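Residue numbers (the working numbering): 178 to 673.
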Amino acid sequence: MTAVIDPQAALDTELLRDNAHLIGGEWVPAASGETIEVLNPANREVLGRVPRGTAEDVDAAVRAAERALPAWRDLNATARAGLLFRWAELIDEHAAVLDQLESRDVGRPHWGPPPMAGQVRFIAGQADKVQGVSLPTYTPDVVGFTLREPYGVVGAIIPWNAPGPMFVTEVAAAIAAGNTIVIKPAEDAPLAPLALARLAMDAGIPAGVVNVVTGYGSEAGAAIPSHPGIRRVGFTGSPVTGATVMEACARNLIPLHLELGGKSPQVVFPDADLSVAAPAIASGITLNTGQICAAGSRVVVLRSVHQEVVERLAQAMERISVGPWHQPVNMGPLINGRQHERVMGYIEAGRSEGADVVVGGGVPRGAEYGDGFFVSPTLFDNVSPDMTIAREEIFGPVLSVIPVDDEAEAIAVANGVDYGLVASVWTEDVGTAVRMSRALQAGQVGINNALGAGVIGGPFGGYKNSGFGRTMGADSVLEWTQVKTVSMRGATRPGN
Ligand code: NAD
Numbered sequence: 178m179t180a181v182i183d184p185q186a187a188l189d190t191e192l193l194r195d196n197a198h199l200i201g202g203e204w205v206p207a208a209s210g211e212t213i214e215v216l217n218p219a220n221r222e223v224l225g226r227v228p229r230g231t232a233e234d235v236d237a238a239v240r241a242a243e244r245a246l247p248a249w250r251d252l253n254a255t256a257r258a259g260l261l262f263r264w265a266e267l268i269d270e271h272a273a274v275l276d277q278l279e280s281r282d283v284g285r286p287h288w289g290p291p292p293m294a295g296q297v298r299f300i301a302g303q304a305d306k307v308q309g310v311s312l313p314t315y316t317p318d319v320v321g322f323t324l325r326e327p328y329g330v331v332g333a334i335i336p337w338n339a340p341g342p343m344f345v346t347e348v349a350a351a352i353a354a355g356n357t358i359v360i361k362p363a364e365d366a367p368l369a370p371l372a373l374a375r376l377a378m379d380a381g382i383p384a385g386v387v388n389v390v391t392g393y394g395s396e397a398g399a400a401i402p403s404h405p406g407i408r409r410v411g412f413t414g415s416p417v418t419g420a421t422v423m424e425a426c427a428r429n430l431i432p433l434h435l436e437l438g439g440k441s442p443q444v445v446f447p448d449a450d451l452s453v454a455a456p457a458i459a460s461g462i463t464l465n466t467g468q469i470c471a472a473g474s475r476v477v478v479l480r481s482v483h484q485e486v487v488e489r490l491a492q493a494m495e496r497i498s499v500g501p502w503h504q505p506v507n508m509g510p511l512i513n514g515r516q517h518e519r520v521m522g523y524i525e526a527g528r529s530e531g532a533d534v535v536v537g538g539g540v541p542r543g544a545e546y547g548d549g550f551f552v553s554p555t556l557f558d559n560v561s562p563d564m565t566i567a568r569e570e571i572f573g574p575v576l577s578v579i580p581v582d583d584e585a586e587a588i589a590v591a592n593g594v595d596y597g598l599v600a601s602v603w604t605e606d607v608g609t610a611v612r613m614s615r616a617l618q619a620g621q622v623g624i625n626n627a628l629g630a631g632v633i634g635g636p637f638g639g640y641k642n643s644g645f646g647r648t649m650g651a652d653s654v655l656e657w658t659q660v661k662t663v664s665m666r667g668a669t670r671p672g673n
């Protein structure tokens, strides 16, 4: 929670230009001339306009990326890393503005600068560590080795919930490996990505290496995986859209990674330190208004501590203040009207399927909420694993408590959903922690933490329907490379 800040400040930045996206180093409008309004989710005011890009703009961006590719691919890796380090410096210098832009775009009370510069530095450090291996050969006149090479022009599509971090995660890894990229931010939150792209240019990353096409998913988004010039794709978003993007990649015969949704369990054992667990779980589901793929949305609790956990969670959820992003509150609105309807629909489903509302369950009332897409932090108790709210990703501040009898049932319930992104375990017992770390089907497991926090360079990605491929870790740069085996015979005649 922070002090009140000037809600106009971020809009005055020189980092943004109205109605322009970035193609081949030029800030240009959409080929069609059409625009999309970007709204402040706290009051529906228009924050700005961005181009409504279509397949034509994506095609221009791919061409620009193709022109930039040879020089970027052949630039030595240390020099590429140097430009990424410079980008990170500029991100640090503009941290306050980037933070405000992202807060304004997403409607999130400002967190303090997100760790984007650190992420870019981590990836920059991997650029000159992309290595092949030497291979044994059948005869001594042959040497064998592998080269890791970029795919060429690649594409990425990102969601609106953390647009800046998503942008640097995909762009930094792809270009560190020597690819050039065309990326489409979400139509609801394109401002921080555009500002970050400008800083990449200011850092000296050559024109055409990073191209940003704004627009709707069904137009600019769909044009990326189906463009014949795109050689690999990174997608972060919902499972439904992920499947559509994967189908387009299949038709184009190109690989991709998918970072999709989650229904992350928080497994609470009787020996857990509840004074730490309860506030952390409440904060984990209300941070960014629950619009985090990793959000722990199911509390799987052993019956002997069930009542105490619910009481503590209720106290913690009731303390979460709600309001516009620039006020000193804990939680802002949801991103848009569609998402608001969806979350309210899930709350209704929870009630009608028999779960008990302990906290919230509606929309906060008062003049300060105006036309914003606000919803109250909501705690459901006595949820059974087959209820809709226990199975589907809500992407809102709605927490479901599911009581279980023993560890075996806790594991079965925790793993009994289609998703497998993050799982947390709350216990003081090392044996329990070790067993649970192995048993939980998730790409990340946190012991005594709610969002998999505290690790630098941890690979991030899902099991099951949460996707495949890993971002953020050192291997994320390798994911954007392909392997070539070289066998080289030297002199064929002795003495030459
Ligand atoms: P979404 O799938 O609706 O949109 C994601 C992006 O895809 C947007 O840029 C959108 O414009 C684009 N898109 C939409 N239709 C498209 C199409 N037909 N072809 C190509 N692109 C298209 O998701 P969202 O609502 O923006 O984001 C929320 C979802 O993202 C949640 O499910 C959340 O869990 C997931 N998410 C996952 C991670 C992760 O790392 N695993 C991180 C953040 C968000």
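We put the CB at the ideal spot given by N, CA and C, even for glycine. Computed from a prediction, not measured in an experiment: that's the story for all the values here.
Taken through DSSP and simplified to helix, strand or coil, residue 626 comes out as coil. With respect to the 8 angstroms criterion, residue 532 and residue 507 are not classified as neighbours on the basis of their beta carbons. Of the residues 308, 339 and 206, the one whose Cα lies closest to the Cα of residue 662 is 308.
With contacts defined by Cβ atoms closer than 8 angstroms, residue 441 and residue 399 do not form a contacting pair. For the pair residue 294 and residue 654, the CB atoms are not nearer than the 8 angstroms cut-off. Under the DSSP assignment, residue 494 falls in the alpha helix (DSSP H) whose first and last residues are 483-495.
Secondary structure at residue 364: coil, using DSSP grouped into helix, strand and coil. Beta-bridge analysis with DSSP links residue 412 to 334 and 435. According to the DSSP secondary-structure assignment, residue 648 is paired through a beta bridge with 637.
Here the distance from the Cβ of residue 334 to the nearest heavy atom of the ligand NAD is below 7 angstroms. By a beta-carbon distance limit of 8 angstroms, residue 215 does not contact residue 229. Their separation comes to about 11 angstroms. Taking the Cβ of residue 347 as the reference point, every heavy atom of the ligand NAD lies at 7 angstroms or farther away. Annotation for residue 568: 440, 562, 594 and 595 place their beta carbon closer than 8 angstroms to its own, counting only its chain and skipping 5 residues before and after. In this structure, DSSP gives residue 352 a helical state, which the three-state scheme calls helix.
Measuring C-alpha to C-alpha distances from residue 600 to each of 477, 552 and 428 identifies 477 as the nearest. Remark: the C-beta of residue 643 is in contact range of the ligand NAD, defined as less than 7 angstroms to any heavy atom. Per DSSP, residue 262 lies in no beta strand (DSSP E) segment; the continuous alpha helix (DSSP H) that holds it begins and ends at 254-270.
Between residue 554 and residue 323, the alpha-carbon positions lie close to 53 angstroms from each other. Using a Cβ distance threshold of 8 angstroms, residue 380 and residue 260 count as a contacting pair. Within its own chain, the residues whose Cβ lies closer than 8 angstroms to the Cβ of residue 429, once the five positions on either side in sequence are excluded, are 402, 403, 404, 405 and 407, listed in chain order. Using a cutoff of 7 angstroms, the CB of residue 415 counts as near the ligand NAD, since one of the ligand's heavy atoms is closer than that. Judged by their CB atoms, residue 613 and residue 444 are nearer to each other than the 8 angstroms cut-off. Taking C-alpha positions only, residue 566 is separated from residue 521 by approximately 11 angstroms. A residue is called buried when at least 16 other Cβ atoms come within 10 angstroms of its Cβ; residue 419 meets this threshold and is buried.
Fewer than three pairs of CB atoms, one per stretch, sit closer than 8 angstroms, so the stretch 410-418 makes no contact with the stretch 242-257.
Residue 253 sits exposed, since fewer than 16 C-beta atoms from the chains shown fall within 10 Å of its C-beta. In the displayed model, residue 546 falls within a helix according to three-state DSSP. Secondary structure of residue 475 (DSSP, three-state): strand. Using a cutoff of 7 angstroms, the CB of residue 598 counts as near the ligand NAD, since one of the ligand's heavy atoms is closer than that.
Secondary structure note for residue 245: its alpha helix (DSSP H) is the uninterrupted segment 232-251. Per the C-alpha coordinates, the member of 664, 667 and 657 positioned closest to residue 351 is 657. Within 10 angstroms of the beta-carbon of residue 365 lie 16 or more other beta-carbons, which makes it buried. For residue 321, there is no enclosing alpha helix (DSSP H); the enclosing beta strand (DSSP E) covers residues 319-327.
Annotation for residue 461: 472, 473, 627 and 628 place their beta carbon closer than 7 angstroms to its own, counting only its chain and skipping 5 residues before and after. Between residue 643 and residue 437, the C-beta gap is smaller than 8 angstroms, which places the two residues in contact.
In the displayed model, residue 586 falls within a helix according to three-state DSSP.
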